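Q: The structure under discussion is supplied below as structure tokens; questions concerning it will follow.
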Amino acid sequence: MSYLSMNTWSLHRHLGPLRWTYWDAAAQTHGVHIDPQPELTTLLELPGVLAEKGFGAVDVCHFNFPRTDTDYLLQLRQAFEQSKIAFHTLLLDYGDISSADEVRSKADMSLAKEWIDIASQAGAERIRIVAGESPSTDAAALERAGQQLLELAAYAKERNVRVITENFKPLTLTAANCLALADKGAGEIGMIGDFGNFERSIRHEELAALLPICENVHAKPEFNADGIPEEVEFGRNLRILADIQYKGPIALVYDGPGDMWEGVERVRAVVERYLA
3 MSYLSMNTWS LHRHLGPLRW TYWDAAAQTH GVHIDPQPEL TTLLELPGVL AEKGFGAVDV
63 CHFNFPRTDT DYLLQLRQAF EQSKIAFHTL LLDYGDISSA DEVRSKADMS LAKEWIDIAS
123 QAGAERIRIV AGESPSTDAA ALERAGQQLL ELAAYAKERN VRVITENFKP LTLTAANCLA
183 LADKGAGEIG MIGDFGNFER SIRHEELAAL LPICENVHAK PEFNADGIPE EVEFGRNLRI
243 LADIQYKGPI ALVYDGPGDM WEGVERVRAV VERYLA
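Using the working numbering, read the sequence shown as starting at 3 and increasing by one per residue.
And the structure:
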């Protein structure tokens, strides 16, 4: 049976400053850009809030972590355990492991391993690694990404974390490429399916091909100017989950204006209606 989860992007105006990782090409190293946001709920408080609202799991974006020292990560792990909320996936939102630039590729692999260590300490079951920013038509980049994901999967497995990727960023914006990476992984590379990331004209067909292999789903509809979900297409995508008898988490994604919790509840109402 599927169950409700939360993607913390849905609360990006509630959880404090966003810490965006970027590649500084001139300095050949990573940088962090701080995007100020109000902290209406701390990350340590979030598991308890989600439990009260009837969620079973959460995916946490890496830029929501205010600290990554061991003391903080153990506090976060304890908060999840006490609230009985599964830390399903740590979403590492940066990285191009498909890059032909050896300096960047090596740096991004090193960063990914650092975040795998963080995921392990915080009790995350999985970490989402971005397959790459190379064009989806670049076969060599797809091969590089597959090899790198396998290396990361082996590293993560020793730390009781599973590596998954997603139809996110250019390289994996076709179901065929996602399926190819999963096949290369031979069970060691999992997959997230995000409703909102495929091109709209082919979205339904691509999701129908991808979702049967997914162990996590990001239920992201389109919204009108008032933050109301566009229900016709969203419903079509949700029906795919019903048809395949999907049994994993459904992480709600709200990306519209106004109060974010109210927006989340609007998305939730549609999801629960279609998957009841």
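The beta carbon of each residue, even a glycine, is placed where N, CA and C say it ideally should be.
Since this is a predicted model, take the numbers as computed values, not measurements.
1. Quick check: the region 128-138 against the region 75-87, are at least 3 beta-carbon pairs closer than 8 Å?
2. Taking all protein chains shown into account, do 16 or more other C-beta atoms lie within 10 angstroms of the C-beta of Glu232, making it buried, or fewer, making it exposed?
3. Let's see if you can read the secondary structure: which residues bound the alpha helix (DSSP H) around Ser112?
4. Which residue's Cα is closest to the Cα of Tyr24: Val165, Ile36 and Ala227?
5. DSSP has Thr91 in a bridge; who is on the other side?
6. Leaving out five residues before and five after Glu190 in sequence, what residues of the same chain have Cβ atoms less than 6 Å from its Cβ?
7. List, from N- to C-terminal side, the alpha helix (DSSP H) runs of 4 residues or more that fit wholly inside the region 144-207.
8. If we count the other Cβ atoms within 10 Å of its Cβ and call it buried at 16 or more, is Pro259 buried or exposed?
9. Give me the DSSP bridge partner(s) of Trp25.
10. Residues in its own chain within less than 8 Å of Leu152 by CB, not counting five upstream and five downstream?
11. State the beta-bridge partners of Leu6 as determined by DSSP.
12. Taking all protein chains shown into account, do 16 or more other C-beta atoms lie within 10 angstroms of the C-beta of Gln150, making it buried, or fewer, making it exposed?
13. If the criterion is Cβ atoms closer than 8 Å, does the pair Ala59 and His16 meet it?
A: Concretely, from the data shown:
1. no
2. As a working note, residue 232 is residue 230 in the sequence shown. Burial call: exposed.
3. Taking the first residue of the sequence shown as 1, we reach residue 112 at position 110. Note, Ser112: alpha helix (DSSP H), Glu104 to Ala124.
4. The sequence position of residue 24 within the sequence shown is 22, counting from 1. The residue with the shortest Cα to Cα distance from Tyr24 is Ile36.
5. Within the sequence shown, residue 91 is the residue found at index 89, counting from 1. Note: Thr91 sits in a beta bridge opposite Asp61 and Arg128.
6. The count along the sequence shown starts at 1 and reaches residue 190 at position 188. Result list for Glu190: Ala155, in chain order.
7. 177-187
8. As a first step, residue 259 must be located in the sequence shown, where it is residue number 257. Classification of Pro259: exposed, given that the 10 Å Cβ count is below 16.
9. The count along the sequence shown starts at 1 and reaches residue 25 at position 23. The partner list for Trp25 (beta bridge, DSSP) reads His32.
10. Here residue 152 is taken as the residue at index 150 of the sequence shown, counted from 1. Hits under 8 Å: Lys186, Gly187, Glu190 and Ile191.
11. Position 4 of the sequence shown, counting from 1, holds the residue named residue 6. The partner list for Leu6 (beta bridge, DSSP) reads Ile252.
12. The residue you call residue 150 lines up with position 148 of the sequence shown. By the 10 Å Cβ count, Gln150 comes out buried.
13. Taking the sequence shown and counting its residues from 1, one reaches residue 59 at position 57. Taking the sequence shown and counting its residues from 1, one reaches residue 16 at position 14. No, the pair does not count as a contact, with Cβ atoms beyond the cut-off.
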